[in-house]
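Working notes, structure below.
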Amino acid sequence: MNRRRIFLVVAVVVALVGTALVFLYVRGADQRAESCFETVEVLRAVQPIEQGESIDEAAAAGKIAMQPIVSDYLQAGYQTSLDALAGQFASAAIYPGEQIVTAKFGAAVEAESALQIPDGQVAVSVNLTDPARVAGFVTLGSEVAVYFNGTTADEAPYSRLMVERVSVIGVGSTTPTQTTTTSAEGEATTEALPSTLLTLALDQDDAEKMMYAQGNGELAFALLTDKSRINPGPGITAADLFE
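In the numbering used here, the protein residues as written are 7 to 249.
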C-alpha cells in the first residue's frame, strides 16, 4: 500500500514538473516571437520629397510621419524626431515608404558650385526612370557604368556595356513618365514611373556615344564601388542569354 502511494506521489510530481516545463517553453517561444517582430516608431516619407527640399518644409507639408518599422529592417541613421535634421535639405529625391535617414540630408548646395565639370570633360544629361538608375540609389558623386539596350541592323535586340566608369556630377528634378509595354498577346500596359535627370562628366567620345544612344535605344546605369569589377565585352543577345 505504501509503495502504491509512493508511486502515485512520484507520478503527480512528474506531471507537475512536466507541466511547468511546457509552460516555460511556450512562454519563452512567445517572447522569442515577439522579439523577432519588435518594432520601432521612426520617421518615414509618406509623400515624395524633392531633392533640395528642406526637412522643415517637408514636415510642414505633411510629407513625413512616424510609422512602425520592424527592428531588423531599420536603416543606418534612422530618425525618431526632426530635431537632428532641422534646417537641412534633401540631397536626393526621397519616395513614399523610405525611412528618413541622416545620409540623405545635408546643408544646401550653392547654385554656383552645384555643377563641377572636370578639366577636359563636358557635362551631358540623361533622363532615366528609377529602375534604370538603380532604384534611386544613384546620387550626386556616384560612379556608374552605362549600359545600352538597343537593336542590331537586323532588328535583333541586345544589351552591352557602353561606358565603363563615369561620375555623376548633377541630379535634377524627378517627374513621372508614362511607359507603355506590349505583351506577346498584343495587350498594351501603361504605367507611370518617376524619371530623373542625371548629369554625367564625359570626354568627347563618350559624350557622342551617350547622345546617340539616347536617341536610338535605352540607357541604364550600374552603381559602382572602388571594388567593382567591370570589363567591356561583345554584349548579350537572345542567342547567348543562357550560355
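For each residue, glycine too, the CB sits at the ideal point set by N, CA and C.
Where does the unbroken beta strand (DSSP E) through residue i begin, and where does it stop?
| i | result |
| --- | --- |
| A90 | From DSSP, A90 is part of no beta strand (DSSP E); its letter is neither H nor E. |
| N155 | E149 to T157 |
| S131 | V128 to T135 |
| T45 | T45 to A51 |
| P74 | I70 to V76 |
Tell me the residue span of the alpha helix (DSSP H) that contains residue i.
| i | result |
| --- | --- |
| Y63 | The sequence shown places Glu at residue 63, rather than the Tyr named in the question. Run containing E63: I61 to A66, per the alpha helix (DSSP H) assignment. |
| N222 | Q210 to N222 |
Can you tell me whether residue i is buried or exposed, with buried defined as 16 or more other CB within 10 angstroms of its CB?
| i | result |
| --- | --- |
| E118 | Note that E118 scores a pLDDT of 44, beneath 50, so its modelled location is shaky and nothing firm can be said. |
| L225 | buried |
| L121 | exposed |
| A3 | The structure shown has nothing for residue 3, since the chain only spans 7 to 249. |
| I106 | buried |
| K233 | exposed |
| F154 | buried |
| I236 | exposed |
| T231 | exposed |
| T202 | buried |
| F143 | exposed |
| A138 | buried |
Pull up the distance between the alpha-carbon of residue i and that of residue j, whole angstroms please.
| i | j | result |
| --- | --- | --- |
| L88 | V48 | 10 Å |
| D212 | V140 | 21 Å |
| G68 | G112 | 20 Å |
| E214 | A71 | 45 Å |
| S77 | T45 | 5 Å |
| A96 | A245 | 44 Å |
| G223 | P74 | 42 Å |
| P238 | K110 | 32 Å |
| V152 | L80 | 31 Å |
| Y218 | S165 | 15 Å |
| E149 | G176 | 12 Å |
| L167 | D125 | 25 Å |
| L204 | L247 | 29 Å |
| E40 | I123 | Since pLDDT at E40 reaches only 48, below the 50 mark, its modelled position is unreliable, and the value read off the structure follows with that caveat. Distance between the alpha carbons of E40 and I123 is about 53 Å. |
| A92 | T145 | 22 Å |
| E116 | G58 | Bear in mind that a pLDDT of 48 at E116, under 50, signals an unreliable position, so the model cannot answer this. |
| T135 | F227 | 10 Å |
Would you please verify whether the beta carbon of residue i is less than 8 Å from any beta carbon of chain C?
| i | result |
| --- | --- |
| E161 | Protein chains in the displayed structure number just one, and chain C is not present. |
Measuring from the CB of residue i, is there a heavy atom of the ligand MG at a distance below 7 Å?
| i | result |
| --- | --- |
| L167 | As presented, the structure is devoid of all ligands, the ligand MG included, so that no description of it is given. |
* Does the count of Cβ pairs from the stretch 161-175 and the stretch 198-216 closer than 8 Å reach three? -> yes
* At least three beta-carbon pairs within less than 8 Å, the stretch 121-131 to the stretch 155-165 -> no
* Would the stretch 48-59 and the stretch 97-109 be scored as touching if the rule is three or more Cβ pairs under 8 Å? -> yes
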